[in-house]
Amino acid sequence: MNLFISAVCLFLFCYCQQFPSESHDNQSNLNQTEEEFDYINEDGNTIQERFPAPPGYERMTTDSKSFANYLRNFPLKPHGSKVYLYNGQLKANQDAHVAVLDIDVGTTDLQQCADAVMRLRAEYLYKNELHEKISFHFTNGFEVPWSKYSQGYRVAVNGNKTSWVMKSKPGAGYKDFRNYMNLIFSYAGSLSLSKELTEKNVSDIEPGDVFIVGGSPGHAVIVLDVVEKTGGGERLFLLGQSYMPAQEIHVLKNPVNEDDNPWYSNQISENLITPEWLFNKNDLKSF
């Protein structure tokens, strides 16, 4: 019996020694003198205004017309806003976010995980009149370009078979665009999106990149902004997501940090720990 108790104690000691190093994998490496820094500017109206770069870090330079700049300047709802579902009900878990993006979620249970990533990407392209670049694949591999849909073609789905049929008047207005996106949300997801993206090393992480696990269930979170250590090296980043059921897109907390610091570090040995999903550092991809 004494031998058994000793063995159990030794196991628990070793386990407790190992766990903290894993749980702090994506903790921002900010030193003691920076702990008094206000990570959240409650009066900020956009992502870069709400979340100032921590001391010793600066935002990466981006082109004014880039997807990265679009995300960085995305408007936010007032500080303290709660996350709502598509049906107007509150999300059960209100402890996963630090801010809510000022964009609707729709009225159906469609805009979930990867859908939110596709929505932000498509909204950026639509706003900048890059219509020819708006295109996504259904899970079965069928490609659905916005340029085809806006001509009046619609997708006929019969089991796993899909085809184009001329069924409507041409239209490229915002209402048409939103109807197109709802179609994409219905037949695309993390599995199809993961195949469209390109693998990327986490050391080169940039705004607009995506941590994604394709499958059912799968999940995806988008990199909303990135700051880099002055002089180069470590990068910190903010993450955004929707989840199930369909819900407002929100900026995630970093559950590893003990304060209100929402920044994640790219100095990841293996796992990226987010409030509602565990990713691997190799899950990073880009458009």
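In this text, residue positions in the sequence shown follow my numbering: the first is 985, and each later residue adds one. Every residue, glycine too, gets a C-beta built ideally from N, C-alpha and C.
- [ ] Excluding the 5 residues preceding and the 5 following Gly1136 in the sequence, name in chain order all residues of the same chain whose CB lies nearer than 8 angstroms to its CB.
- [x] Cβ within range, chain order: Met1150, Lys1151, Ser1152, Lys1153, Pro1154 and Gly1155.
Open item on the list: Can you tell me whether Leu1256 is buried or exposed? The criterion is at least 16 other CB atoms within 10 Å of its CB, across all chains shown.
Closed with: Under a 10 Å Cβ-count criterion, Leu1256 is classified as buried, with 16 or more other Cβ atoms of the shown protein chains found around its own Cβ.
TODO: Give the range of the alpha helix (DSSP H) segment to which Asn1112 is assigned.
DONE: Counted as a single uninterrupted DSSP element, the stretch harbouring Asn1112 is not any alpha helix (DSSP H), since DSSP gives it neither H nor E.
- [ ] For Ala1076, count neighbouring Cβ atoms within 10 angstroms of its own Cβ and tell me buried if that reaches 16, exposed if not.
- [x] Exposed.
- [ ] Work out the CA separation of Glu1113 and Asp1243 for me, nearest whole Å.
- [x] Their Cα atoms are separated by approximately 41 angstroms.
TODO: Quick one: which unbroken beta strand (DSSP E) runs of 3-plus residues sit fully inside the region 1150-1223? Chain order, please.
DONE: For the region 1150-1223, whole beta strand (DSSP E) runs of length 3 or above, ordered along the chain, are 1194-1197 and 1203-1213.
Task: Unbroken alpha helix (DSSP H) run spanning Trp1130, endpoints - done: In the DSSP assignment, Trp1130 falls within the unbroken alpha helix (DSSP H) covering Trp1130 to Tyr1133.
- [ ] Inspect the beta-carbon positions of Ser1176 and Thr1123 and report whether they are closer than 8 angstroms.
- [x] Taking the C-beta atoms as reference points, Thr1123 is found nearer than 8 angstroms to Ser1176.
- [ ] Spatial neighbours of Met1102 within its chain, please: CB distance less than 8 angstroms, with the 5 preceding and 5 following residues excluded, ordered by chain position.
- [x] Scanning its chain for C-beta atoms nearer than 8 angstroms, with the 5 sequence neighbours on each side dropped, one finds around Met1102 the residues Phe1120, Met1165, Ile1168, Phe1169, Ala1172 and Leu1177, in chain order.
TODO: Tell me Ile1257's beta-bridge partners as DSSP assigns them.
DONE: Note: Ile1257 sits in a beta bridge opposite Leu1262.
- [ ] Tell me, please, which residues DSSP counts as bridged to Lys1145.
- [x] In DSSP, Lys1145 forms a bridge with Asn1142.
Task: Alpha-carbon spacing of Glu1183 relative to Gly1199, whole angstroms - done: Rounded to whole angstroms, Glu1183 to Gly1199 spans 17 angstroms at the Cα level.
Open item on the list: What ranges does the alpha helix (DSSP H) occupy inside the region 1046-1131, keeping only unbroken runs of at least 4 residues that lie completely in it?
Closed with: As far as the region 1046-1131 is concerned, its whole alpha helix (DSSP H) runs of at least 4 residues are 1051-1056 and 1097-1111.
TODO: Identify, in the order they occur along the chain, each residue of the same chain with its Cβ nearer than 6 angstroms to the Cβ of Gln1251, setting aside the five sequence neighbours on each side.
DONE: Take Gln1251, set aside five residues on each side of it, and the residues of its chain with a beta-carbon closer than 6 angstroms to its own are Glu1218, in chain order.
TODO: Would you check if the distance between the CB atom of Pro1201 and the CB atom of Leu1236 is smaller than 8 angstroms?
DONE: Result no, Cβ atoms of Pro1201 and Leu1236 do not sit closer than 8 angstroms.
Open item on the list: Out of Thr1214, Val1207 and Glu1232, which one is the CA nearest neighbour of Leu1268?
Closed with: Put simply, of Thr1214, Val1207 and Glu1232 the residue whose alpha carbon is nearest the alpha carbon of Leu1268 is Val1207.
- [ ] Helix, strand or coil for Glu1232, going by three-state DSSP, please let me know.
- [x] Residue state for Glu1232 is assigned as coil, using DSSP reduced to three classes.
- [ ] Can you grab the Cα-Cα spacing for the pair Leu1109 / His1115, in whole Å?
- [x] Straight-line measurement puts the Cα of His1115 at about 6 angstroms from the Cα of Leu1109.
TODO: Count the other C-beta atoms from every protein chain shown that fall within 10 angstroms of the C-beta of Tyr1158, then say buried if there are 16 or more, exposed otherwise.
DONE: When all chains shown are included, Tyr1158 counts as exposed.
Open item on the list: Here's a check: name, in chain order, each residue in its chain whose Cβ is nearer than 8 angstroms to the Cβ of Val1084, leaving out the five neighbours to either side.
Closed with: Cβ neighbours of Val1084 beyond the five flanking positions: Leu1060, Lys1061, Ser1065, Lys1066, Val1067, Glu1232, Ile1233, His1234 and Val1235.
TODO: Return yes when the Cβ of Val1082 is within less than 8 angstroms of the Cβ of Tyr1070, no when it is not.
DONE: Remark: C-beta atoms of Tyr1070 and Val1082 do not approach each other more closely than 8 angstroms.
Task: For Glu1242, the first and last residue of its enclosing beta strand (DSSP E) - done: Unbroken run through Glu1242: none, as it is neither H nor E.
Task: Assigned exposure category for Thr1214 - 16 Cβ within 10 Å defines buried - done: Exposed.
TODO: Could you pull the start and end residues of the alpha helix (DSSP H) that Glu1033 belongs to?
DONE: Residues Ile1031 to Arg1034.
TODO: Could you tell me if Leu1074 is buried or exposed, where buried requires 16 or more neighbouring beta carbons within 10 angstroms of its beta carbon?
DONE: Around the C-beta of Leu1074, fewer than 16 other C-beta atoms lie within 10 Å, and the residue is accordingly described as exposed.
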